[in-house]
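Everything below concerns the one structure shown next.
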Amino acid sequence: MYKVAVIGDRDSIYGFAALGLDTYPVTEPVEAAKKLRSLAENNYAVIYITEALAATIETEIDRYRAARLPAIIPIPGVSGNTGMGILNVKKSVEQAVGSDIIFNGN
Amino acid sequence: MANTHVNPTRMELTRLKRKLATTKRGHKLLKDKRDELMRQFLELVRVNKALREKVEAGIAAANKNFVLARAGMPDEMVNVAMMAPTQEVYLEVAERNVMSVDIPVFTHKTRIADANNIYSYGFAFTSCDLDDAVNSLADILPDMLQLAECEKSCQLMAAEIEKTRRRVNALEHVIIPETQENIKYITMKLDENERSTQIRLMKVKDMLLEEAHHYKERQAEGFAV
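Protein chains in written order, with our numbering: chain H, 12 to 117; chain W, 4 to 228.
Have a look at this one:
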């Protein structure tokens, strides 16, 4: 049985606690990387992470890109949408096709 | 590309021919795999894009509601309300095999059977904005889980496509031409050897005949007579 976690600044994620997801309020990149690692080893299948935080620990996230679990999914925080999530999808397309044919450069 | 040394022997030739046949078959199979993966990937990535847009819009709206809720009541009250969630979400992860890529399939379960039982607080001390906010977030949760599944599948498939594409290219542009070159080299070398043996035999035959019948001497005598 796997669980679902949310990492990010407190204001962005406290609502998810009501839904039954495990929330971990973290703002420091070093701490976030540590938390991410421990969650990934600890039976979490999906880890949502706020875009602002995800941008600071990108190398750490990329390590789990090729692994089957966990799925690390950036979500927008209260500070707004940075476009990082959609950029990630774009990155997949570029990796597979060689050039971006879905978003047509915008 | 005959710079790699090959033994020009018949055994090596048969080996190379067999290798070429296998390589060609492997190339065809991998190419088919790549094409099918690509088709499925493009389908999936379109779904992924749509889902992401939906989820991002949903979360943005929910965040707006939460900001409203926090504005309407003291911070401590919000913290207390969220402190002990009644609901818990579990995931069961199955696997689906798409062209040899194992992609995860999530089915989510809640601890309390009634999925609508999301309010972890009494309604007496909280504003109705908080109810709205929690509700809007709960609505988006199934889509979020689906997004997680979809996005992970996309990442896994993208990695597999890249790998397959490299293999196809390596076979097409390096291994197959090299093997063909080597086969050609061996065939030519063997032909050349055969010709030289034949010539040698003809020469030896001439010499033996000469020794037995002395044609040249007789010819010389004939002229003399």
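Beta carbons: idealized from backbone N, C-alpha and C, even for Gly.
Exercise. Under the three-state reduction of DSSP, which class applies to MET4/W: helix, strand or coil?
Worked result: Because MET4/W sits at a pLDDT of 49, beneath the cut-off of 50, its placement in the model cannot be relied upon, and the following sentence gives the value as read from the coordinates. It is coil, neither helix nor strand.
For this session: Give the range of the alpha helix (DSSP H) segment to which GLU197/W is assigned.
Result: 179 to 216
For this session: Could you check what DSSP says for PHE27/H in three-state terms: helix, strand or coil?
Result: helix
Exercise. Quick one: is PHE128/W buried, meaning 16 or more other Cβ sit within 10 Å of its Cβ, or exposed?
Worked result: exposed
Exercise. Which first and last residues belong to the beta strand (DSSP E) in which VAL92/W is found?
Worked result: 92 to 101
Exercise. Comparing alpha-carbon positions, which option in MET191/W, THR113/W, ASP38/W, ARG99/W lies nearest GLU165/W?
Worked result: ASP38/W
For this session: Tell me whether GLY125/W sits in a helix, a strand or coil according to DSSP, three-state version.
Result: coil
For this session: List the DSSP bridge partners of PHE109/W.
Result: VAL96/W
Exercise. Hey, how far is the Cα of ILE68/H from the Cα of LEU140/W?
Worked result: 26 Å
For this session: Could you spell out where the beta strand (DSSP E) holding ILE84/H opens and where it closes?
Result: 82 to 86
Exercise. In chain H, which residues lie less than 8 Å from ARG49/W when you measure between Cβ atoms?
Worked result: ILE113
For this session: Return no unless some Cβ of chain H is closer than 8 Å to the Cβ of GLN90/W.
Result: yes
Exercise. Got a sec: which bits of the stretch 19 to 38 of chain H sit with their beta carbon under 9 Å from any beta carbon on chain W, in order along the chain?
Worked result: ASP22, SER23, TYR25, GLY26, PHE27, ALA28, ALA29, LEU30, GLY31, LEU32, ASP33, THR34
Exercise. Straight-line CA distance for VAL81/W to VAL58/W?
Worked result: 24 Å
For this session: Pick out whichever of VAL83/W, GLU163/W, ASP135/W, ALA53/W has its Cα sitting closest to the Cα of ALA107/H.
Result: GLU163/W
For this session: Return no unless some Cβ of chain W is closer than 8 Å to the Cβ of ALA82/H.
Result: yes
For this session: With 8 Å as the threshold, decide whether the Cβ of ARG79/H is near any Cβ in chain W.
Result: yes
Exercise. Can the beta-carbon of ILE113/H be found closer than 8 Å to that of VAL104/H?
Worked result: yes
Exercise. In chain W, what lies closer than 8 Å to PRO87/H by C-beta?
Worked result: GLU59, ILE62, ALA63, ASN66
Exercise. Within the 8 Å Cβ cut-off, does ALA66/H reach chain W?
Worked result: no
Exercise. Counting only beta-carbon atoms, is GLN149/W nearer than 8 Å to chain H?
Worked result: no
Exercise. Among LYS20/W, TYR218/W, THR113/W, PHE44/W, which has the Cα closest to the Cα of LYS155/W?
Worked result: PHE44/W
For this session: State the Cα-Cα distance for the pair PRO107/W and GLU98/W, rounded to the nearest angstrom.
Result: 5 Å
Problem set entry | chain H residues whose Cβ lies nearer than 8 Å to that of GLU95/W | MET12, TYR13
Problem set entry | Contacts of SER123/W in chain H (Cβ-Cβ under 7 Å) | ALA29
For this session: Output, in sequence order along the chain, the residues in the stretch 101 to 115 of chain W whose CB is closer than 7 Å to any CB in chain H.
Result: ASP105, PRO107, PHE109, THR113, ARG114
Problem set entry | Among ILE178/W, ASP78/W, MET86/W, ASN66/W, nearest to SER90/H - alpha-carbon criterion | ASN66/W
Problem set entry | Proximity winner among GLY125/W, ALA151/W, ASP135/W, SER130/W, relative to LEU54/W (alpha-carbon distances) | ALA151/W
Exercise. How would you label GLY61/W, buried or exposed, when you count the other beta carbons within 10 angstroms and need 16 or more for buried?
Worked result: buried
Exercise. Are the stretch 12 to 22 of chain W and the stretch 69 to 86 of chain W touching by the rule of at least three beta carbon pairs closer than 8 Å?
Worked result: no
Exercise. Between VAL41/H and LEU50/H, what straight-line distance do the alpha-carbon atoms span, to the nearest angstrom?
Worked result: 14 Å
Problem set entry | Closer than 8 Å to chain H by CB, MET76/W | no
Exercise. So the beta strand (DSSP E) THR34/H belongs to, where does it begin and stop?
Worked result: 33 to 36
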